[in-house]
Amino acid sequence: MMDGTFNENDLASVVEADRAHVWHHLIQHKPFETKDPNIIIEGKGMRVWNQVGKEHIDAVSGGVWTVNVGYGRERIANAVRDQLVKMNYFAGAAGSIPGARFAERLIEKMPGMSRVYYCNSGSEANEKAFKMIRQIAHKRYGGKKHKILYRERDYHGTTIATLSAGGQDERNAQYGPYTPGFVRVPHCLEYRAFEQDGAPVENYGVWAAEQIEKVILAEGPETVGGLCLEPVTAGGGVITPPDGYWEKVQEICAKYEILLHIDEVVCGIGRTGTWFGFQNYGVKPDMVTMAKGVASGYAAIACLVTTEEVFDMFKDDASDPLGYFRDISTFGGCTAGPAAALENMAIIEEEGLLENCTAMGEYMLGKLDELADKHTVIGQTRGKGLFLGAELVGDRETRAPADEKMVQAVVADCMSQGVIIGATNRSLPGKNNTLCFSPALIVTTSDIDEIVTAVDGALTRVFG
Ligand SMILES: Cc1ncc(COP(=O)(O)O)c(C=O)c1O
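Quick note on this note's numbering: the sequence shown kicks off at 549 and runs consecutively.
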């Protein structure tokens, strides 16, 4: 499927320029002294090609669960081009045609929500939610209700404040000191409940939510302003919420007047088979942040969406010069983002990709379960829609996590077969043992068979 422009000789200079000057994310560069970095030069549908023309099927949508509608979508590129020629940028104090149109379309998909604030990364959107919670604390509660709760194993971004709200200790390590005012609550991974003191076998979901209440009571409810949670924890091990969890969480937030901020940076725009992950669980958030799938990586765009109630708190006193949301996002004013997001959303609707996501997610989970029947190293499979995981263990009885090096060897083996999968990576000390699968929402049964066959072979080679 390469388009004829591929020329290994030209690309040799690209590889050298990359090796000499590019600092890649989340990777140790020493090995690049003796081997080439991977340069992805073309993509179409589910597949990408690298600098030596090797074809890969991408089971992780661009590495970090982003390209929900697949590669090579000309209509998105055309819409972005047309918009850029007409009007590329103006700062967000003014509006834009795609900004207004996309906000309207987005809110149609989010009953109960009302306002869209544009910015350009998931971390930035989450920081803005934190700032709103802090400002509300100052405006309404004399600054006291300023603490923000976050959950063990969740991730909310790469900046110092979002790392301070980060439940993944390996991601955070060496980047302290952290920002004060963030407080951790326990995770809700039932498979590892036995490691949590006092966790019951029955009604685990309610118990896990009650642990949040315990933290609130210990901190003092009058000091807690917000609770930030992923609907399905992504990079922290693909954690689907246990039964009864969300109902109880919602109840607790209402009881103590705590704003519920759902981080949909991964799950937002289709990844779990609904527009948003929280919609699987009947949750009513006050704030929702989203980024990756909003424009499938065709442009950088993130959104913080709030209820009208939250919005009103920032316009209720026009005489107060500090009373409104005094935040700036330079690139929140780029029009490429909403222009791409409009097309991305139209593609999902026209091609029935939410339905495909649900159907293919079930098919893939079934296939992973078949693998688990064959390979005892798979301790548990789990996930929602097309965000799936297989937790690898050294021993099914004790659930001792599989050695991280072996988990990475499975990923590397798949890569050598031309199949790109993921694994929890530098997130939890001793627990980077979950394989991750998040193919584009266009994936077919034959693509899934190809991916799962590769994993089967890799597990056999690595674990016997
Ligand atoms: C749940 C979640 N929130 C926030 C972020 C941060 O997004 P970004 O990398 O766009 O800043 C990520 C990134 O992986 C994420 O997984």
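Note that beta-carbon positions come from the ideal geometry of N, C-alpha and C, so glycine has one too.
Notebook entry, point to check: When you compare only the Cα positions, how much space is there between V967 and A1002?
Noted result: The residue given as residue 967 occupies position 419 in the sequence shown. The residue given as residue 1002 occupies position 454 in the sequence shown. Approximately 7 Å between the Cα atoms of the pair.
Note to self: Are the CB atoms of L936 and V955 within a distance shorter than 8 Å?
What the structure shows: If you number the sequence shown from 1, residue 955 lands on position 407. If you number the sequence shown from 1, residue 936 lands on position 388. Going by C-beta atoms, V955 is not nearer than 8 Å to L936.
Notebook entry, point to check: When the Cβ atoms of the segment 703-710 are set against those of the segment 873-887, are three or more pairs found closer than 8 Å?
Noted result: These segments do not touch.
Check: If you measure from the CB of G1013, is any heavy atom of ligand 1 nearer than 7 Å?
Finding: Nothing can be reported for residue 1013: it is not among the residues displayed for the chain, which extend from 549 to 1012.
Check: Ordered along the chain, which non-local residues of its own chain (more than five positions away) have a Cβ less than 7 Å from that of D791?
Finding: Taking the first residue of the sequence shown as 1, we reach residue 791 at position 243. Counting only Cβ-Cβ distances below 7 Å, and skipping sequence neighbours, we find G753.
Margin query: Using the three-state DSSP reduction, which class does V731 fall into: helix, strand or coil?
Written below: Here residue 731 refers to the residue found at position 183 of the sequence shown. Residue state, collapsed to three classes: strand.
Item checked: Simplified DSSP assignment, three categories, for P585 -> Stepping through the sequence shown from its first residue, residue 585 is reached at position 37. Residue state, collapsed to three classes: coil.
Next item on the list: With a floor of 3 residues, list each beta strand (DSSP E) that falls wholly inside the segment 767-843, ordered by position along the chain.
Entry: Counting whole runs of 3 or more residues, the segment 767-843 contains the beta strand (DSSP E) stretches 772-777, 807-811 and 835-838.
Next item on the list: Return the chain-ordered list of same chain residues with a C-beta closer than 8 Å to the C-beta of Y739, the five sequence neighbours on each side being excluded.
Entry: Numbered from its first residue, the sequence shown carries residue 739 at position 191. By the criterion of a C-beta distance shorter than 8 Å, Y739 is surrounded in its chain by G927, Q928, R930, E939 and R947, once the five residues flanking it on both sides are discounted.
Check: Is A607 near I969, with beta carbons less than 8 Å apart?
Finding: Along the sequence shown, read from residue 1 onward, the residue named residue 607 stands at position 59. Along the sequence shown, read from residue 1 onward, the residue named residue 969 stands at position 421. Judged by their CB atoms, A607 and I969 are nearer to each other than the 8 Å cut-off.
Notebook entry, point to check: Buried or exposed: where does M635 fall if 16 or more other Cβ atoms within 10 Å of its Cβ makes it buried?
Noted result: Looking up residue 635 in the sequence shown gives position 87. So M635 ends up on the exposed side.
Check: Quick one, which of T993, R663 and N720 has its alpha-carbon nearest R974's?
Finding: For the purposes of this step, residue 974 is taken as residue 426 along the sequence shown, with counting starting at 1. Nearest C-alpha to R974: N720.
Note to self: Considering only DSSP beta bridges, list what I764 is partnered with.
What the structure shows: The sequence position of residue 764 within the sequence shown is 216, counting from 1. Within the DSSP secondary-structure output, I764 pairs in no beta bridge.
Check: DSSP three-state call for H604: helix, strand or coil?
Finding: Indexing the sequence shown from 1 puts residue 604 at position 56. If DSSP states are grouped into helix, strand and coil, H604 belongs with the strands.
Next item on the list: Answer yes or no: the CB of E778 versus the heavy atoms of ligand 1, is any distance below 7 Å?
Entry: As a first step, residue 778 is located in the sequence shown; it is residue number 230 there, counting from the start. Judged by the Cβ position, E778 qualifies as a neighbour of ligand 1 at the 7 Å threshold, a heavy atom of the ligand being closer than this.
Next item on the list: For Q928, write down the residues that DSSP places opposite it in a beta bridge.
Entry: Translated into positions along the sequence shown, residue 928 becomes position 380. DSSP, once it has assigned bridges, lists E939 as partnering Q928.
Note to self: Is N674 near ligand 1 - that is, is its Cβ less than 7 Å away from at least one heavy atom of it?
What the structure shows: One-based indexing of the sequence shown puts residue 674 at position 126. Look at N674: its beta carbon is less than 7 Å from one of the heavy atoms in ligand 1.
Notebook entry, point to check: For K932, does the count of other Cβ atoms within 10 angstroms reach 16, so buried, or fall short, so exposed?
Noted result: The residue you call residue 932 lines up with position 384 of the sequence shown. By the neighbour-count criterion, in which a residue is buried when 16 or more other Cβ atoms sit within 10 angstroms of its Cβ, K932 is buried.
Notebook entry, point to check: For the alpha helix (DSSP H) that K953 lies in, which residues bound it at each end?
Noted result: Residue numbering aside, residue 953 sits at position 405 when the sequence shown is read from its first letter. Run containing K953: E952 to S964, per the alpha helix (DSSP H) assignment.
Next item on the list: Please state if the CB of V991 and the CB of V958 are separated by a distance shorter than 8 Å.
Entry: Sequence index remark: in the sequence shown, residue 958 carries index 410 (1-based). Sequence index remark: in the sequence shown, residue 991 carries index 443 (1-based). Judged by their CB atoms, V958 and V991 are not nearer to each other than the 8 Å cut-off.
Item checked: Straight-line gap, D745 to A756 (C-alpha atoms, nearest Å) -> In the sequence shown, the residue the question calls residue 745 occupies position 197. In the sequence shown, the residue the question calls residue 756 occupies position 208. For the pair D745 and A756, the Cα-to-Cα distance works out to about 11 Å.
Next item on the list: Would you give the residue range spanned by the beta strand (DSSP E) that L852 belongs to?
Entry: Indexing the sequence shown from 1 puts residue 852 at position 304. Taken as a continuous stretch (DSSP letters only), the beta strand (DSSP E) holding L852 covers A850 to T854.
Notebook entry, point to check: According to the Cβ coordinates, are S877 and C667 closer than 8 Å?
Noted result: As a working mapping, residue 877 is identified with position 329 in the sequence shown. As a working mapping, residue 667 is identified with position 119 in the sequence shown. Yes. Within cutoff.
Check: What are the boundary residues of the alpha helix (DSSP H) that F650 is part of?
Finding: Start at 1 with the first residue of the sequence shown, and residue 650 comes out as number 102. Annotation: the continuous alpha helix (DSSP H) that includes F650 extends over I645 to E656.
Checklist line | Cβ-based neighbour list, A1006, same chain, cut-off 6 Å, excluding 5 preceding and 5 following | finding: Position 458 of the sequence shown holds residue 1006. Answer for A1006: V958, D961 and C962, listed in chain order.
Notebook entry, point to check: Does the beta-carbon of V836 have 16 or more other beta-carbons within 10 angstroms, so that it is buried, or is it exposed?
Noted result: Numbered from 1 along the sequence shown, position 288 holds the residue referred to as residue 836. It is buried - the Cβ of V836 has at least 16 other Cβ atoms within 10 Å.
Margin query: Helix, strand or coil for R719? Go by DSSP, reduced to three states.
Written below: Counting from one through the sequence shown, the residue named residue 719 turns up at place 171. Per DSSP, reduced to three states, the secondary structure at R719 is helical.
Check: When the Cα atoms are used, what is the spatial distance from N598 to I800?
Finding: Residue numbering aside, residue 598 sits at position 50 when the sequence shown is read from its first letter. Residue numbering aside, residue 800 sits at position 252 when the sequence shown is read from its first letter. CA-CA distance, N598 to I800, rounds to 49 Å.
Item checked: Sub-8 Å separation of V731 and I760 beta-carbons -> Against the sequence shown, residue 731 aligns to sequence position 183. Against the sequence shown, residue 760 aligns to sequence position 212. I760 is positioned such that its CB atom lies no closer than 8 Å to that of V731.
Notebook entry, point to check: Any idea what DSSP makes of R623, helix, strand or coil?
Noted result: Residue 623 sits at position 75 when you count from the first residue of the sequence shown. Helix at R623.
Notebook entry, point to check: What alpha helix (DSSP H) runs, 4 residues minimum, are completely inside the segment 856-927?
Noted result: Segments of the alpha helix (DSSP H) lying fully in the segment 856-927: 856-860, 884-898 and 901-922.
Margin query: For F650, which residues in the same chain have their Cβ closer than 7 Å to its Cβ, ignoring the five residues on either side in sequence?
Written below: Mapped onto the sequence shown, residue 650 falls at position 102. These residues qualify, in order along the chain: P886, A889 and L890.
Checklist line | Short Cβ contact (8 Å threshold) for M861 with I684 | finding: Within the sequence shown, residue 861 is the residue found at index 313, counting from 1. Within the sequence shown, residue 684 is the residue found at index 136, counting from 1. In this structure, I684 lies closer than 8 Å to M861 by Cβ.
Notebook entry, point to check: Exposed or buried, which one is Y723 when buried takes at least 16 other CB atoms within 10 Å?
Noted result: Along the sequence shown, one-based indexing puts residue 723 at 175. Looking at its Cβ environment, which holds fewer than 16 other Cβ atoms inside 10 Å, Y723 is exposed.
Note to self: Rounded to whole angstroms, what is the Cα-Cα separation between L902 and K796?
What the structure shows: The residue labelled residue 902 in the question sits at position 354 within the sequence shown. The residue labelled residue 796 in the question sits at position 248 within the sequence shown. One alpha carbon belongs to L902, the other to K796, and they sit about 27 Å apart.
Next item on the list: Work out the CA separation of C882 and Y637 for me, nearest whole Å.
Entry: Here residue 637 refers to the residue found at position 89 of the sequence shown. Here residue 882 refers to the residue found at position 334 of the sequence shown. The alpha-carbon of Y637 is positioned some 5 Å away from that of C882.
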